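Asks: Input: one structure, supplied below.
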Amino acid sequence: MKIYTKTGDKGETSLIGGTRVPKFHDRIEAYGTVDELISYIGLIRDQKIDEHSRLTLIEIQDRLMTCASILATDCENCDVKIPEIYNQDIEMLEEEIDRMEKDLPPLRSFILPGGHTTVSYCHITRNVCRRAERLAIKVQHQFKHSEKVIQYLNRLSDYLFVLSRKFTIDLYAKEIPWKPRI
Numbered sequence: 003m004k005i006y007t008k009t010g011d012k013g014e015t016s017l018i019g020g021t022r023v024p025k026f027h028d029r030i031e032a033y034g035t036v037d038e039l040i041s042y043i044g045l046i047r048d049q050k051i052d053e054h055s056r057l058t059l060i061e062i063q064d065r066l067m068t069c070a071s072i073l074a075t076d077c078e079n080c081d082v083k084i085p086e087i088y089n090q091d092i093e094m095l096e097e098e099i100d101r102m103e104k105d106l107p108p109l110r111s112f113i114l115p116g117g118h119t120t121v122s123y124c125h126i127t128r129n130v131c132r133r134a135e136r137l138a139i140k141v142q143h144q145f146k147h148s149e150k151v152i153q154y155l156n157r158l159s160d161y162l163f164v165l166s167r168k169f170t171i172d173l174y175a176k177e178i179p180w181k182p183r184i
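Be aware that the sequence shown starts at 3, since it is given in the numbering used here, and climbs by one per residue.
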């Protein structure tokens, strides 16, 4: 399989199912943002973090590849088998959130992102995840695809926020609460 095909040289690409669309198409924006999210999660994974978090992030990257595949599919009866997001994928994120929150102080205000590079990477990744979620919702209004993608992205952004708080503790960083000037 060649990396370059020259089929996109005029600004179009194919969805799974063969439909040709411009590279600025909503589906391309959505699964391209999920691809960006996968890369940012790899950046977090490459930091000096605990093994459990690293393995969880690999599993999340795998599920995000599934999300991207779903968003890239434009056919009712494709010959290609497309993987799915299941309730247990979303429940896994919820279980991880609950597990991490047991060791975190209660959240009493918004916090300012930062304190350590790894914590900042989590916040940036959370923002990319929220953008991917918004784009997936936009696609959902235009085309049929799994609602589980939206649910997964929503829960993943929550996971990434809690992960940032966990790493704040693990890395002896300081969590700075936001104090609005009113």
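No residue lacks a Cβ here, since even glycine has one placed at the ideal position from N, Cα and C. Here the structure is a predicted model, which is why all the values come from computation and not from measurement.
Could you pull out every unbroken beta strand (DSSP E) segment of at least 3 residues lying fully inside the segment 101 to 140, listed in chain order?
Replies: none
Asks: Thinking C-alpha only, which one of 141, 164, 152 and 102 is nearest residue 112?
Replies: Taking the first residue of the sequence shown as position 1, residue 112 is located at position 110. For the residues 141, 164, 152 and 102, the minimum Cα distance to residue 112 belongs to 164.
Asks: To which residues does DSSP link residue 22 through a beta bridge?
Replies: Looking up residue 22 in the sequence shown gives position 20. Paired residue(s): 16.
Asks: Can you list, in chain order, the residues of its chain with a C-beta nearer than 8 Å to that of residue 152? Leave out the 5 residues immediately preceding and following it.
Replies: Start at 1 with the first residue of the sequence shown, and residue 152 comes out as number 150. Only 135, 138, 139 and 142 meet the Cβ criterion.
Asks: State the Cα-Cα distance for the pair residue 126 and residue 76, rounded to the nearest angstrom.
Replies: As a position in the sequence shown, residue 126 is number 124, starting the count at 1. As a position in the sequence shown, residue 76 is number 74, starting the count at 1. Going from the Cα of residue 126 to the Cα of residue 76 covers about 30 Å.
Asks: My output table needs one value for residue 7: the three-state DSSP class, helix, strand or coil.
Replies: Residue 7 sits at position 5 when you count from the first residue of the sequence shown. In the structure shown, residue 7 sits in coil (DSSP, three-state: anything other than H, G, I, E or B).
Asks: For the alpha helix (DSSP H) containing residue 70, list its first residue and its last residue.
Replies: In the sequence shown, counting from the first residue as 1, residue 70 sits at position 68. That run of the alpha helix (DSSP H) goes 53 to 73.
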